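Every letter in the sequence shown is one number past the one before it in numbering that gives the first Met the number 0, and letter 13, counting from 1, is 12. Before any comments, here is the structure.
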Amino acid sequence: MILVTRLDGKQTVVNEDLILMVEDTPDTVLTFSTGGHMVVKESVNDIVNRTIAFRRRTHPALAVMPPPES
């Protein structure tokens, strides 16, 4: 779950696993796999970085796993 800020200034927590797409229009639009949308103040990079940070906190082994060999 990641914290985001709606355009009205209210903060909410969203399930990052449900984010299907993040669009960088004049505002950042989150599109969810459920069909819903949310416009937030954070940039696309902020959303990506928060998602990566959350996954590293919840799955610490992923941060230290070596890349697969080809």
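All residues carry an ideal CB built from backbone N, CA and C; glycine is no exception. Every value quoted in this text rests on a predicted model; they were computed, and no experiment measured them.
Whole beta strand (DSSP E) runs in the region 5-38 with 3 or more residues, listed along the chain?
-> Whole beta strand (DSSP E) segments, 3+ residues: 10-13, 18-23 and 27-31.
Ignore the nearest five residues each way along the sequence and tell me which others in Met37's own chain have a CB closer than 6 angstroms to its CB.
-> Counting only Cβ-Cβ distances below 6 angstroms, and skipping sequence neighbours, we find Leu29.
Looking at C-alpha atoms only, which residue of Pro59, Ser42, Gly34 and Thr24 is the closest neighbour of Leu2?
-> Cα-wise, what sits closest to Leu2 is Ser42.
Give me whichever residues DSSP pairs with Val3 in a beta bridge.
-> Thr11, per the DSSP bridge assignment.
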